[in-house]
Structures are given as C-alpha cells and as structure tokens.
Amino acid sequence: MQVICISRGTLTGGKVLAERLAGALGYPCLSREDLIEAAVKEGIHVGKIEMAMVKGRGFSDRLVLEREHYLAFTRAYLCEQALKGQLVYHGRTGHLLLPGVDNVLRVRVVADQEYRLKAAMQALGLEREKARRYVEEVDEDRRQWVHTMYGVSCDDVSQYDLIVSLQQFSVENAAAGLTAIAQLPDFQMTPASRQAVEDLRLGAKARVFLARDDRTYRASFKVSASDGVITVTYLPQDAGLAESIPPVLESLEGYRSIRTTMATSNILWIQEVYDPTSEAFRNVVEVATKWGAAVELMRLAPGSAEGAAAPGEVLEAFDGTIPQIQPSSREYNGGIEDDVAEGGQRTWAENGGLKQTVEELARQGRSAGGREVRGSQTHLLEMIDRSVPYTMVVVGDVFLSKGSAAQLRLAREFRSYLADNIKTPVVATDELKAQFLFGKRDLFRLIGYLAVVLVIYFLVFTHQRQILSFLSGEGWVMKVVAAVVVFLFVPIVAYSYGTVSRSFLKLIKIE
Amino acid sequence: MNGSLQIMLVDDEPIVGKRLKPALAKYGLEVEVFEDGPGALRRLREKEFDIVVTDVRMEDVDGMQVLEYVLANSKRTKVIIITGYATVEVAREALVKGAFDFIAKPFKPDDLRAVIDRAAKALGHPGIRKSDD
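Here's what the structure looks like:
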C-alpha cells in the first residue's frame, strides 16, 4: 500500500501532475471531484458546505452534521481505496485526509500568479481581469474551506513533505522526480501505517453508518477506532441514543468491540437573551474551547424563576446537533425541499437569540443544544439534568424586566440558589473573563508582581550577608524583630510569587 | 416594469420543474420549464425571458453554456444557477462570467423566490409577492 496525496491550489497544474505521476507509477488516480461525486451519491449536501464558503455564511446546525458526514465519508472512501493497493490522490486537502499515516507522501503543487491567470483565461475563456478575480476568490474560498473543515491553514508548509512549483519543472520531470521519491523507504507501507489506515477507515466508516441510520442521523458523534475497538462519543443531550449505537454499527465489518461514552465536559449557560456577537458569547466560547467543553444553553423565558408556584415547562428545544429535517426530505425530491410553513419559524427577537446562538456554537463545534424554559427556581433546578457532567454553570443577564437594582439582587440570589443546590461552580458571565481568561488586567498584574518578585530576589541574593547578620542578631529584642519581619515578609513573597505563577498559567491556558 | 416576470426554468430532472413551477406560479410568475439544454436554447432564440434559472449539469448543453448564451444575447436577462454538485470553483466561474446568483441544492422554493425577488428588483420590477387566491 502506497498513497501519494497531491494538494493543489487553483489552476496550479496539480491535476495534470497527479495524472502523469499515477500513469508513471501505474497507480490508480483519484481526484477530489471523484470523491465529491461519491459523496453527493451518498446523499451528502456537499454543495451547501461549499456555498457556505462562497457566501461567507456560518454553518447552520444542519451543515455541521453534513460536514461530519462528509469528512467521515471522504476519509472512509480514501482509506478503502488505499487499502486496495497503491493510490495517487489529488485535491484541496489530500494531505489532511489521512492523519497519522506515516508513509503518505504529501506534495503541494504551487505556481505563480501569471501561470495561473493564463491557465484560467485558457481553461475558462475569461478575460484577464475576470481571470484574476476568479483565481483570487477561489483561493480565498479554498483557504476558508481548509480552515473550516480541518481547522488549519493550507498555507502552512510544515504539513507537506514536498512543495513543487511547475514553473521550475516540466510536468514530466516533476513526475519523474516524485516517482523516484516515492521509492524511498520513508514512503513504503509498514505494518504500523497499514494499521493506522485500518483504524481511520473503521472510525470513519462507523461515523458514516451513524449518519445513514434513521435512529442516529440527527446527532453529532465523535468516532475513533484503535485496533478494532470503536469509541463513539456523544453529547449529553443525545444520551437517549446511546443504546442505539451498537445495533446501528452491528453490520460494520472489522470491529472487535464498541465503546460508547458521553462527552465529559459541559458548560451550562443560563440567560434570558443571547447574542452570538456579544462579548459574553466570545468569553464563554473561549473558556469552552480551552476546556474542550460543549456549551448547553438554557434560555429563561421572561418572567421565569421569580415565583415559587409556576410549574416548570420546556417551551422550545433547539438541539445543536439536530437539524430541522423533515422525514420527507430523506425521500428524493430533486433537491427542492418543502417551504417552512408560515409562522413556523420564530424570529431572533421572539426566541431571544437562542436558535442563532446554538447555530453559531454548532458552527464552532461547541454546541450541546439549547432550550427555552419557564418556571419557578425550584422547577428550573429540576430541569437541569443532573446526569450531565457540567463543569460550570454560567449565569448571564436574567430578570431583564426588573429595574437594575432588583435585577442585580435577583440574579445574585438565583446564582446562590443554584450554587447551593448543584455540585458545580456557578459564575456570572461578567466574572468569567476575570476568573478564567487572560485579559489586560492580568497582564498588568503579571508584570507588576513579576517586578516585585524580581526585586525581592535581587535584593535577597545580593544582600545575603546583611540578611544573615540581621536574622542572627544578638539579644531577644533583635530575635523578636527578626521573627516579626520574617512573619510579615514570607506571606508577601508567597503572595507575589503565587500571583505571578497563577497569571502565567492563565496566560498559557493551564489552570 | 410591472407585468408578470417571465421565468425560464431549465433542469433535466422533471421533479425539479414539477416542484418549482407551482411554487413560483403562486407568486404570479410565468414559468416555462425545459428538461434539456438544446430545447431551452431554441426557446431563448424566440423569446427574451426576464430570469433564467438553470441547472449546471445537463447532457448536450450544460448550465454554463446556457449562461453564456443568455449573456451574449440578452443584456437584461438575469441568470440564476442551481446545482446539486456545487463547488466553489463552479460557483465562482458562474459568478465571474456574469450569473446573478448561485444556489446549491437542496433548497426551498422560498430560497429561490428570495433570489428571484432580488433579480426582479435589479431589473426595475417592484419585486414578487404572493398572488391572491
């Protein structure tokens, strides 16, 4: 088994080189277009993902699932082709499709702007200015694609084994050079690399099975495989699906056992009105990213949590991983879906930004869903699922209909009530930054206390003789003075040193 | 410009026309559906449409050829591309060549109506709204 992945930019000649190389080596040649064709036949809406790049739109919850399905499908497809024997693949991100497989030869093909402009003018029949626009826009879309799909930059040269410019080589010579490089021992299959491809295939195939099945296609899963053991991680709100996972994967070939686990870190964010463009949102996402946590939203419908008698009720639930797909949309409709019935969608203002915020979280891979609830404090407490391992509860702006003083008091009481009744830290959104994120204030504190610590250390180590003489002074008066000075001095040093350490750890995101 | 908008819909899958035609007609649009590129080109030689909605992948004559024909023969007609095989390369090619917009399948008729509404306004038409039943 040998795999050569050629990552090509817009009209750089990578396709021609890949085909020539495959011909020279006698390997099958697989292109991204082939993968897309297969993915569309699988029922994945690749075009929607692509157009999200072109139109600069965020990913809806539905697209997040399409992305998971697409990534798993393309990986499984490529692994299956690779396991059959040799393969040359060319596309945008060939170098990212088989992570952890050592013997893959990863090549990037580049060309200068003039070469590409001429190629665009010739291939697409465009005038020069339009060709320039085309090349620049497609480059940007591709950059966006790689970042959105894989979270890396396609311009990071460390991801490639070789970078080839077809201005310096003819296609024939470049293919001949790559043919020789492909024979090097570094790019030959080893039992470890074969096992890595087997594991990738199994994990990806399991994710595809989950996406295909009616019981599980609406949920988000992280799936990996190691030595035939498949591990499926699901979000807390999908706990009800855990029992369905083994039966769904039953017909998958090549696995030894299946493990299912719930994601272990979650933040519950309670608020009345959400705004995915707000600073509070950014802070919550930053903390969640730092902890690898998913964020669950619980919107308090206005007027909630004030009385004691109102029964608890869930008014509306948006699952960050459940798209609003009607069953009929799984039947073939030529790509034309049914309109949403009038009044079927609530506006931003009506749902307090809940749906949009869940979608933005989903786009960033941090959503654990959201719901809108109403009821007294006691009932709201009952609606918090105690089986979910929350790492923290964040309480934002609540009781907005009250005056500012009453709002502050009620919010403080609400936080205290939650803290008393659930075994999880409860913090306000405005405290989040100070407690968990490194800001300007932390920077000044770090610099200030670091200066204090350095001055103390400098003075102590440059005046050791005087200090020892002071500490070993004669007479009880001097001994008492020395003891008092040490008693006062040590906590000051400890506090300063502790503050520096704490701020530094916060800076490097270790707590 | 206040008359009914003349729409040409070209898609080789009959179900697309079957689902979209009534959804557009409901908004007072006059829609002619074609299931092949050559038939659409023949009709374009006879009549100037306000808006052409065309799939990209079709046998004989594809959506890009329809786009190029329209742009070469009618300055005012707006072309909207629809496709289930959208890639950024195809979308950018269509937009650079002069397509009004590009919609990836699957979509809802509402999505297409919104683009048609924008195209209509760009033509000086007041826009589209639901006809009284």
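For the protein sequence lines, the chains are B and C, in the order given.
First residue of the first sequence? That's 1 in the working numbering, and the numbers climb one at a time after it.
First residue of the second sequence? That's 512 in the working numbering, and the numbers climb one at a time after it.
Ideal Cβ placement from N, Cα and C applies to all residues, glycine included.
Exposure label - residue i; buried when at least 16 CB within 10 Å
i, result
"threonine 261 of chain B", "exposed"
"asparagine 421 of chain B", "exposed"
"methionine 298 of chain B", "buried"
"isoleucine 639 of chain C", "buried"
"threonine 190 of chain B", "exposed"
"lysine 558 of chain C", "exposed"
"glutamine 435 of chain B", "exposed"
"aspartate 566 of chain C", "buried"
"proline 236 of chain B", "buried"
"serine 496 of chain B", "buried"
"threonine 321 of chain B", "Summary for threonine 321 of chain B: the model assigns pLDDT 42, below 50, so the residue's position carries little reliability; its value from the coordinates is reported in the next sentence. Looking at its Cβ environment, which holds 16 or more other Cβ atoms inside 10 Å, threonine 321 of chain B is buried."
"valine 544 of chain C", "buried"
"tyrosine 332 of chain B", "exposed"
"arginine 441 of chain B", "exposed"
Residue-level contact to chain B via CB, residue i, 8 angstroms cutoff
i, result
"valine 599 of chain C", "yes"
"lysine 616 of chain C", "yes"
"glycine 595 of chain C", "yes"
"alanine 526 of chain C", "For clarity, residue 526 of chain C is isoleucine in the given sequence; the question names alanine instead. Chain B contact via Cβ: present."
"arginine 530 of chain C", "yes"
Where the alpha helix (DSSP H) through residue i begins and ends
i, result
"phenylalanine 458 of chain B", "440–462"
"leucine 535 of chain C", "525–536"
"glutamine 144 of chain B", "128–150"
"arginine 201 of chain B", "191–212"
"glycine 23 of chain B", "14–25"
"arginine 502 of chain B", "476–507"
"histidine 95 of chain B", "94–97"
"glutamate 604 of chain C", "599–608"
"methionine 53 of chain B", "46–54"
"serine 153 of chain B", "That residue, serine 153 of chain B, is in no alpha helix (DSSP H); it is neither H nor E in DSSP."
"tyrosine 580 of chain C", "574–584"
Cβ-Cβ separation, residue j to residue i (assumed contact under 8 angstroms), whole Å
i, j, result
"lysine 537 of chain C", "lysine 641 of chain C", "6 angstroms"
"histidine 90 of chain B", "glycine 14 of chain B", "6 angstroms"
"threonine 358 of chain B", "valine 395 of chain B", "Correcting the residue identity first, residue 358 of chain B is valine in this sequence and not threonine. Rounded, the Cβ-Cβ distance is 18 angstroms, inconsistent with contact."
"valine 285 of chain B", "leucine 432 of chain B", "In fact, because the Cβ distance is near 11 angstroms, the residues do not count as touching under 8 angstroms."
"arginine 363 of chain B", "valine 64 of chain B", "6 angstroms"
"valine 101 of chain B", "alanine 196 of chain B", "5 angstroms"
"valine 513 of chain B", "isoleucine 6 of chain B", "Summary: the structure shown does not reach residue 513 of chain B, with chain B confined to residues 1 through 511, and so no result is reported for it."
"glutamine 2 of chain B", "glutamine 86 of chain B", "5 angstroms"
"glycine 609 of chain C", "isoleucine 592 of chain C", "Their Cβ separation, rounded to whole angstroms, is 11 angstroms, which puts glycine 609 of chain C and isoleucine 592 of chain C out of contact at 8 angstroms."
Beta carbon proximity, residue i to chain C, threshold 8 angstroms
i, result
"aspartate 141 of chain B", "yes"
"arginine 108 of chain B", "no"
"lysine 355 of chain B", "no"
"lysine 48 of chain B", "yes"
"leucine 126 of chain B", "yes"
"asparagine 333 of chain B", "yes"
"tryptophan 291 of chain B", "no"
"lysine 15 of chain B", "no"
"histidine 45 of chain B", "yes"
"proline 323 of chain B", "Because proline 323 of chain B carries a pLDDT of 41, less than 50, the predicted location of this residue cannot be relied on, and no value is offered for it."
"lysine 222 of chain B", "no"
"arginine 20 of chain B", "no"
Segment limits, beta strand (DSSP E) that includes residue i
i, result
"methionine 262 of chain B", "257–262"
"methionine 392 of chain B", "390–395"
"arginine 108 of chain B", "105–110"
"asparagine 266 of chain B", "266–271"
"glutamine 2 of chain B", "2–8"
"tyrosine 234 of chain B", "229–234"
"aspartate 566 of chain C", "562–566"
"isoleucine 591 of chain C", "589–594"
"lysine 423 of chain B", "No beta strand (DSSP E) holds lysine 423 of chain B; DSSP gives it neither H nor E."
"glycine 370 of chain B", "367–374"
"isoleucine 514 of chain B", "For chain B, the structure presents residues 1 to 511; residue 514 of chain B sits outside this window and is missing."
Residues that residue i contacts on chain C, provided the C-beta gap is smaller than 7 angstroms
i, result
"tyrosine 134 of chain B", "Arg603, Glu604 and Val607"
"glutamate 137 of chain B", "Arg603"
"lysine 130 of chain B", "Val607"
Per-residue contacts from residue i into chain B (C-beta, under 7 angstroms)
i, result
"proline 620 of chain C", "Ile336 and Asp339"
Where residue i meets chain B, residues with beta-carbon distance less than 8 angstroms
i, result
"phenylalanine 613 of chain C", "Met51 and Val54"
Residues that residue i contacts on chain C, provided the C-beta gap is smaller than 8 angstroms
i, result
"asparagine 283 of chain B", "What asparagine 283 of chain B touches in chain C: nothing, since even the nearest Cβ is about 33 angstroms away."
"tryptophan 145 of chain B", "Val599"
Partners in chain C for residue i, counting only beta-carbon separations shorter than 9 angstroms
i, result
"isoleucine 36 of chain B", "Tyr596 and Thr598"
"valine 40 of chain B", "Gly595 and Tyr596"
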